[in-house]
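Asks: Every number in the numbering used here is 118 more than the matching position in the sequence shown, counting from 1.
Got a structure here, written out as structure tokens. Questions coming.
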Amino acid sequence: MTLVQDVFSTVNDRPLGNIAQRMGIWGTSGLIVVNNAGKVEWVNRADFRLMGTTSGLELPSALLIDSSRGLAYVTEWVSFTDHGRVALIDLNSRQIIQRFTVGHFPNALALQGNRLLVANGDENTLTEIDLDSRSVLGTIDVGDRPNSFIRRGNELWLLCGGTPSWAGVETPGSLWKIAPEPVLAYNLPSATQHPADLCLHPDGQRFFARLDGGLSLLIPNDSTNRTDVQSVTTRSLYHVSVDPFDLRGRIYGTDAGNFQSNGMVYVYDPSFVVVDSFMAGVGPGFIAYSR
């Protein structure tokens, strides 16, 4: 493994901007969503040389690349009080070609057939967008504060964090099977449990997520209509994800620490044992993977 810190500014002789939120890969290009700077920076995937910039976004956050339609979808928080949006960006021109108004704090995206599903992170809804007609179909009621999607085979699953006590009446997190129908919901056992970052274990069957200062397996129980929880690590992580290209089933967790000094990345094997670690920059969050 070769580590290069602050690679964008080193190669391009200028800062990336505040705050790098997500990154996606399309062919030989990397798309970096920069939240406070309101832009997407396009770089060469191999050397991070700047290729172009999509500006004019308002607090962009989540990113989903749809190669079959030649589009990138980027959520915009807009503000912390207004409805959010989803911007459609043409992958070839790098221009915003359309926007859709969605719910508050949109922070996760998923494709389901010809529909784009948007998790409205400060509500209990998904916004459903028809990509053929380019129109908003409506909303789907789910648990409080949906935050992440994952696909297991032909199934699409959603994790909702629930409402924490500081934000109002506390409600439990929940795990939802969104597709295929019927939609099924599995609440976590306690209203004080607020999971995030739904992942599919490298075995292709089990779910896990960040919960209670560590990682836990989340097991939907059809007999109780609840989610059984099994803690597997106690290290507090900022974000976690699985490398889809690593045949060893490596799991990566970022630790942002105090958000003022350099953070860490921890590498886990499928048994959730730390097998490696390395330093990152300030506030490491989501990870992009590439072959």
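Just so you know, even glycine gets a beta-carbon here, dropped at the ideal spot from N, CA and C.
To the nearest angstrom, how far is it from the Cα of Arg196 to the Cα of Asp321?
Replies: As a position in the sequence shown, residue 196 is number 78, starting the count at 1. As a position in the sequence shown, residue 321 is number 203, starting the count at 1. The question names Arg, yet the displayed sequence has Val at residue 196. For Val196 and Asp321, the distance between alpha carbons rounds to 38 Å.
Asks: Which one of Val301, Gly371, Gly367 and Ala180 has the shortest CA to CA distance from Gly332?
Replies: Translated into the one-based positions of the sequence shown, residue 332 becomes position 214. The candidate whose alpha carbon is nearest that of Gly332 is Gly371.
Asks: When DSSP builds the beta bridges, which residues end up paired with Trp160?
Replies: Locating residue 160 in the sequence shown gives position 42, where the first residue counts as 1. DSSP lists Leu149 and Gly170 as partners of Trp160.
Asks: What does DSSP give as the partner residues of His357 in its beta bridges?
Replies: In the sequence shown, counting from the first residue as 1, residue 357 sits at position 239. Thr372, per the DSSP bridge assignment.
Asks: In whole angstroms, what is the alpha-carbon distance linking Val301 and Lys295?
Replies: Here the question's residue 301 lines up with position 183 in the sequence shown. Here the question's residue 295 lines up with position 177 in the sequence shown. Going from the Cα of Val301 to the Cα of Lys295 covers about 6 Å.
Asks: Under three-state DSSP, which class holds Phe218?
Replies: Within the sequence shown, the letter at position 100 stands for residue 218. Residue state, collapsed to three classes: strand.
Asks: Determine the DSSP secondary structure at Ser398, reduced to helix, strand or coil.
Replies: As a working mapping, residue 398 is identified with position 280 in the sequence shown. In the sequence as presented, Ser is not what sits at residue 398; that position holds Ala. Of the three classes helix, strand and coil, the one that applies to Ala398 here is strand, per DSSP.
Asks: What did DSSP end up calling Ser179 once you bin it into helix, strand or coil?
Replies: The count along the sequence shown starts at 1 and reaches residue 179 at position 61. Residue state, collapsed to three classes: strand.
Asks: Excluding sequence positions up to five away, which residues of its chain have a Cβ less than 7 Å from the Cβ of Asp248?
Replies: Locating residue 248 in the sequence shown gives position 130, counting from the first residue. Closer than 7 Å at Cβ, skipping near neighbours: Asn232, Arg233 and Leu255.
Asks: When you compare the CB positions of Asn242 and Ala180, do they come within less than 7 Å of one another, or not?
Replies: Within the sequence shown, the letter at position 124 stands for residue 242. Within the sequence shown, the letter at position 62 stands for residue 180. No. Outside cutoff.
Asks: According to DSSP, which residues form a beta bridge with Ile143?
Replies: Stepping through the sequence shown from its first residue, residue 143 is reached at position 25. Note: Ile143 sits in a beta bridge opposite Gly148.
Asks: Hey, quick one: how far does the beta strand (DSSP E) through Val347 stretch, first residue to last?
Replies: Start at 1 with the first residue of the sequence shown, and residue 347 comes out as number 229. Run containing Val347: Arg344 to Thr351, per the beta strand (DSSP E) assignment.
Asks: Look at the alpha carbon of Leu149 and the alpha carbon of Ser341, and state the distance between them as a whole number of angstroms.
Replies: Locating residue 149 in the sequence shown gives position 31, counting from the first residue. Locating residue 341 in the sequence shown gives position 223, counting from the first residue. When rounded, the distance between both Cα atoms is 43 Å.
Asks: Starting from Ser334, follow the alpha helix (DSSP H) in both directions and report where the run begins and ends.
Replies: Translated into the one-based positions of the sequence shown, residue 334 becomes position 216. Note, Ser334: premise wrong, no alpha helix (DSSP H); beta strand (DSSP E) at Gly332 to Asn339.
Asks: Taking its Cβ as the centre, do 16 or more other Cβ atoms sit within 10 Å of Ala228, making it buried, or is it exposed?
Replies: For the purposes of this step, residue 228 is taken as residue 110 along the sequence shown, with counting starting at 1. Flag for Ala228 reads buried.
Asks: Would you call the stretch 182-192 in contact with the stretch 120-132, where contact means no fewer than 3 C-beta pairs closer than 8 Å?
Replies: Touching, no.
Asks: Arg252: buried (16+ other C-beta within 10 angstroms of its C-beta) or exposed?
Replies: The residue labelled residue 252 in the question sits at position 134 within the sequence shown. Classification of Arg252: exposed, given that the 10 Å Cβ count is below 16.
Asks: Mapping the DSSP letters down to three states, classify Val129 as helix, strand or coil.
Replies: Reading the sequence shown from its first residue, position 11 is the one you call residue 129. Helix, per DSSP.
Asks: Using only alpha-carbon positions, find the residue among Asp165, Trp160, Arg167 and Phe166 that is nearest to Ser173.
Replies: Numbered from 1 along the sequence shown, position 55 holds the residue referred to as residue 173. That would be Trp160, whose Cα lies nearest to the Cα of Ser173.
Asks: My assumption, with CB atoms under 8 Å, is that Val358 sits in contact with Leu335. Please give the rounded CB distance.
Replies: The residue you call residue 358 lines up with position 240 of the sequence shown. The residue you call residue 335 lines up with position 217 of the sequence shown. Wrong, their Cβ atoms sit about 13 Å apart, outside the cutoff.
Asks: Where does Trp275 sit, in a helix, a strand or coil, going by DSSP?
Replies: By one-based count along the sequence shown, residue 275 stands at place 157. Strand, per DSSP.
Asks: How about Ala410 and Pro313: do their beta carbons lie closer than 7 Å?
Replies: Summary: the structure shown does not reach residue 410, with the chain confined to residues 119 through 409, and so no result is reported for it.
Asks: Name the one or two DSSP bridge partners that Gly256 has.
Replies: Working through the sequence shown from its first residue, we reach residue 256 at position 138. Paired residue(s): Glu246.
Asks: Checking the sheet assignment: what are the DSSP bridge partners for Pro307?
Replies: Reading the sequence shown from its first residue, position 189 is the one you call residue 307. The partner list for Pro307 (beta bridge, DSSP) is empty, contrary to what the question assumes.
Asks: The beta strand (DSSP E) spanning Asn380 covers which residue range?
Replies: The residue you call residue 380 lines up with position 262 of the sequence shown. Here the beta strand (DSSP E) through Asn380 covers Asn380 to Tyr386.
Asks: Please go through the same chain and pick out, in chain order, the residues whose beta-carbon is closer than 8 Å to the beta-carbon of Asn154, but skip the five residues on each side of it.
Replies: The residue you call residue 154 lines up with position 36 of the sequence shown. Here the set comprises Gly135, Asn136, Ile137 and Leu177.
Asks: Would Pro264 and Leu276 qualify as a contact pair, given that the criterion is a beta-carbon distance under 7 Å?
Replies: Start at 1 with the first residue of the sequence shown, and residue 264 comes out as number 146. Start at 1 with the first residue of the sequence shown, and residue 276 comes out as number 158. Yes.
Asks: My guess is that Ile405 and Tyr386 are in contact by the Cβ rule of under 8 Å, so how many angstroms apart are they, rounded?
Replies: In the sequence shown, the residue the question calls residue 405 occupies position 287. In the sequence shown, the residue the question calls residue 386 occupies position 268. So it is not a contact: roughly 13 Å between Cβ atoms.
Asks: Going by the beta-carbon positions, is the gap between Thr345 and Leu274 smaller than 7 Å?
Replies: Working through the sequence shown from its first residue, we reach residue 345 at position 227. Working through the sequence shown from its first residue, we reach residue 274 at position 156. Not closer than 7 Å, so no.
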